[in-house]
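Written out below as structure tokens is the structure these notes cover.
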């Protein structure tokens, strides 16, 4: 007979083992060998450019994870594959690295597919299926290779949330969870029901975000059919209508519902468009509440932007039911395809060298988000307000892009201007300039022997005047002094 004290000891020990051994039990229930044959280590080396001094580039290597989802196909996030110079992969968490190539990539969706030409790499590997629908909140695990051993642990579901994609302002639906595991934000597989439920894409402390398998499947299925046209988006702006006075003013009968459209940019690809003062009542049959939310059958209450990517792609029709001019109307809204250059300040510039032009020590670059981000994570407050102001602007025929004088490389030629920086350029030698090629062209026509660079009106200097006859000599001297390989890097016309 077991004594009560011994029984209590054994019971406590068993409970402790259950709590302290999540890896062993998770691995056993998930068929560990199956995931060992599918989870891949990825090493991506890419060039990182200096936005302030764009002629400077440094190699940097990033470690991330991939999952075999089809014969000779590895799924991973697109992040850290931009401006890549070499991608290598390793199976079973150890041993030889094989050179890989990116066969498909979409930065806006933050998804990529890799493959390896060497047949030896694929021996012993098996694809895993993607989960259909939402995963069980009580059956979530994350897996990764750690010191050549496969680590699989339970994680605690937190919520579904909408936010900008990691590499694009297009909205993305994230599954958020908490985990004590470190360094799992780089495409680690999220597992539920023995299937791939998503891949991680961000970690802050113990909080992790993952793209859902539902979204991943919809994109990959379109790609497989050859129909993938990229992601669409809702470019208009709206505001909640919590105050019933808004509905009364627009004479909307019944209970308060829907949100008010306040700004619609002019995009030629949109045929039937929304209008300011429209109240959006439904999107694709889903009722919209005064806070802009709808009830998603899989993910609960979500913001209406999710309906632009919920099984939809650029060029697809989204059916809006709106209250307009005292009547209910239906708008067949064709989703525009998002491109970085749809904004006045492009969010990113990937897979090509950054542009710049040095003229007499004046460093001129395109004004874009990478430039503003050089002020750090808090760039919206730290960067010059006169430049941040353009952040949410859309390009127009008269102003498709902007040029900024980043800073001045000090030299006797530009004496007195050496402390100027971050000024938006308006004209060069009397000509309005909208890109660096126009700056270069304008510099070929000095005014009475001088180059005159005029800036957008601000609280600092308005113009710079330089001796045109000395600029070429000064440029050569400046490039040599500061070790700069060339005076310009311009994109193709």
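Residue numbers (the working numbering): -19 to 473. In this text, a Cβ means the ideal position worked out from N, Cα and C, and glycines have one as well. Nothing here was measured: the structure is a model prediction, and the numbers come from that model.
Item to complete: Say whether the segment 402 to 421 touches the segment 430 to 449, bearing in mind that this needs 3 or more beta-carbon pairs closer than 8 Å, one atom from each stretch.
Response: yes
Item to complete: Count the other CB atoms, across all protein chains shown, that sit within 10 Å of the CB of residue 286; report buried if there are 16 or more and exposed otherwise.
Response: On the chain shown, position 306 is the one that residue 286 refers to. Buried, because 16 or more other Cβ atoms sit within 10 Å of the Cβ of residue 286.
Item to complete: Work out the CA separation of residue 220 and residue 231 for me, nearest whole Å.
Response: Residue 231 sits at position 251 when you count from the first residue of the chain shown. Residue 220 sits at position 240 when you count from the first residue of the chain shown. Approximately 17 Å, taken between the alpha carbons.
Worksheet item: Looking at C-alpha atoms only, which residue of 98, 57, 125 and 42 is the closest neighbour of residue 19?
Response: As a working mapping, residue 19 is identified with position 39 in the chain shown. Nearest C-alpha to residue 19: 125.
Practice prompt. Helix, strand or coil for residue 47, going by three-state DSSP, please let me know.
Written response: As a working note, residue 47 is residue 67 in the chain shown. Correct three-state label for residue 47: strand.
Discussion item. Contact defined as beta carbons within less than 8 Å: I believe residue 157 pairs with residue 120. What is the distance between those atoms, to the nearest angstrom?
Written reply: Indexing the chain shown from 1 puts residue 157 at position 177. Indexing the chain shown from 1 puts residue 120 at position 140. Right, the Cβ-Cβ distance comes to about 6 Å (below 8 Å), so this counts as a contact.
Discussion item. Give me the residue from 336, 374 and 245 with the minimum Cα distance to residue 484.
Written reply: One cannot answer for residue 484 here, as it falls past the ends of the chain, which runs -19 to 473.
Practice prompt. Within the same chain, show all residues whose beta-carbon is closer than 8 Å to that of residue 414, passing over the 5 residues directly before and after it, in chain order.
Written response: Taking the chain shown and counting its residues from 1, one reaches residue 414 at position 434. The answer, listed in chain order, is 379, 380, 381, 382 and 383.
Worksheet item: Where DSSP assigns a beta bridge to residue 85, which residues make up the other side?
Response: Locating residue 85 in the chain shown gives position 105, counting from the first residue. The partner list for residue 85 (beta bridge, DSSP) reads 92.
Discussion item. Taking its Cβ as the centre, do 16 or more other Cβ atoms sit within 10 Å of residue 213, making it buried, or is it exposed?
Written reply: If you number the chain shown from 1, residue 213 lands on position 233. It counts as buried.
Worksheet item: When you compare only the Cα positions, how much space is there between residue 23 and residue 421?
Response: Here residue 23 is taken as the residue at index 43 of the chain shown, counted from 1. Here residue 421 is taken as the residue at index 441 of the chain shown, counted from 1. Going from the Cα of residue 23 to the Cα of residue 421 covers about 43 Å.
Worksheet item: Applying the criterion that 16 or more other CB atoms from any shown protein chain within 10 Å of the CB defines a buried residue, is residue 455 buried or exposed?
Response: Here residue 455 corresponds to residue number 475 of the chain shown, with the count starting at 1. With 16 or more Cβ atoms within 10 Å of its Cβ, residue 455 is classed as buried.
Discussion item. Report the CB separation of residue 346 from residue 284 in whole angstroms; it is logged as a contact under 8 Å.
Written reply: Mapped onto the chain shown, residue 346 falls at position 366. Mapped onto the chain shown, residue 284 falls at position 304. So it is not a contact: roughly 33 Å between Cβ atoms.
Fill in: Bridge partner(s) assigned by DSSP for residue 24
Here the question's residue 24 lines up with position 44 in the chain shown. Note: residue 24 sits in a beta bridge opposite 42 and 67.
Discussion item. For a minimum of 4 consecutive residues, which ranges assigned as the alpha helix (DSSP H) are wholly contained in the segment 426 to 465?
Written reply: 451 to 462
Worksheet item: For residue 222, which of helix, strand or coil comes out of DSSP?
Response: Locating residue 222 in the chain shown gives position 242, counting from the first residue. Coil.
Worksheet item: Just curious, the alpha helix (DSSP H) that residue 368 is in, first and last residue?
Response: Here the question's residue 368 lines up with position 388 in the chain shown. It spans 365 to 368 - the alpha helix (DSSP H) in which residue 368 sits, taken as one unbroken run.
Discussion item. So, with DSSP's three-state summary, where would you put residue 285?
Written reply: The sequence position of residue 285 within the chain shown is 305, counting from 1. Correct three-state label for residue 285: helix.
Item to complete: For residue 400, collect the residues of the same chain with a Cβ closer than 8 Å to its Cβ; drop the 5 residues on either side in sequence, then sort them by chain order.
Response: Within the chain shown, the letter at position 420 stands for residue 400. Hits under 8 Å: 385, 387, 388, 440, 441 and 444.
Worksheet item: So who's on the other strand from residue 125, going by DSSP bridges?
Response: The residue labelled residue 125 in the question sits at position 145 within the chain shown. DSSP lists 130 as partners of residue 125.
Worksheet entry | Reduced DSSP secondary structure (H/G/I, E/B, other) of residue 136 | As a position in the chain shown, residue 136 is number 156, starting the count at 1. In the structure shown, residue 136 sits in a strand (DSSP, three-state: E or B).
Worksheet item: For residue 451, which residues from the same chain have a beta carbon less than 6 Å from its beta carbon, with the 5 sequence-adjacent residues on both sides left out?
Response: Within the chain shown, numbered from 1, the residue matching residue 451 stands at position 471. The answer, listed in chain order, is 340.
Fill in: Same chain, Cβ closer than 7 Å to residue 427, five either side skipped, listed in chain order
Here the question's residue 427 lines up with position 447 in the chain shown. Counting only Cβ-Cβ distances below 7 Å, and skipping sequence neighbours, we find 409 and 410.
Discussion item. Please give the ranges of any beta strand (DSSP E) in the segment 291 to 360, keeping only runs that are unbroken, at least 3 residues long and fully inside the region.
Written reply: 297 to 304, 307 to 314, 336 to 339 and 342 to 346
Fill in: Cβ contact check for the segment 319 to 338 and the segment 259 to 272: 3 or more pairs under 8 Å
no
Worksheet item: Exposed or buried, which one is residue 336 when buried takes at least 16 other CB atoms within 10 Å?
Response: Here residue 336 refers to the residue found at position 356 of the chain shown. Buried, because 16 or more other Cβ atoms sit within 10 Å of the Cβ of residue 336.
Discussion item. Tell me the DSSP secondary structure of residue 419 in three-state form.
Written reply: Your numbering for residue 419 matches position 439 in the chain shown. In this structure, residue 419 counts as helix in the three-state DSSP scheme.
Worksheet item: Using DSSP with H/G/I as helix, E/B as strand and the rest coil, what is residue 273?
Response: Position 293 of the chain shown, counted from the start, is the residue given in the question as residue 273. Of the three classes helix, strand and coil, the one that applies to residue 273 here is strand, per DSSP.
Worksheet item: If you check the beta carbons only, do residue 366 and residue 438 fall under 7 Å apart?
Response: Here residue 366 refers to the residue found at position 386 of the chain shown. Here residue 438 refers to the residue found at position 458 of the chain shown. Their beta carbons are under 7 Å apart, which means residue 366 touches residue 438 by this criterion.
Fill in: Where residue 263 falls, given that 16 or more other Cβ within 10 Å makes a residue buried
Within the chain shown, numbered from 1, the residue matching residue 263 stands at position 283. Residue 263 is buried by the Cβ-count criterion.
Discussion item. Check for me: the beta strand (DSSP E) holding residue 407 runs from which residue to which?
Written reply: Locating residue 407 in the chain shown gives position 427, counting from the first residue. Here the beta strand (DSSP E) through residue 407 covers 401 to 408.
Worksheet item: residue 279: buried (16+ other C-beta within 10 angstroms of its C-beta) or exposed?
Response: As a first step, residue 279 must be located in the chain shown, where it is residue number 299. Label assigned to residue 279: buried.
Practice prompt. Rank 135, 172 and 175 by C-alpha distance to the C-alpha of residue 186 and give the top, closest one.
Written response: One-based indexing of the chain shown puts residue 186 at position 206. Nearest of 135, 172 and 175 to residue 186, Cα basis: 135.
Item to complete: Grab me the residues of residue 224's own chain with a C-beta within less than 8 Å of its C-beta, minus the 5 sequence neighbours each way, in chain order.
Response: Here the question's residue 224 lines up with position 244 in the chain shown. So the qualifying residues of the chain are 236.
Item to complete: State yes or no: is the C-beta of residue 315 within less than 7 Å of the C-beta of residue 298?
Response: As a working mapping, residue 315 is identified with position 335 in the chain shown. As a working mapping, residue 298 is identified with position 318 in the chain shown. Yes, they are a contact pair.
Item to complete: Specify the secondary structure class of residue 184 as computed by DSSP and reduced to three states.
Response: Here the question's residue 184 lines up with position 204 in the chain shown. Residue 184 falls in the strand class under three-state DSSP.
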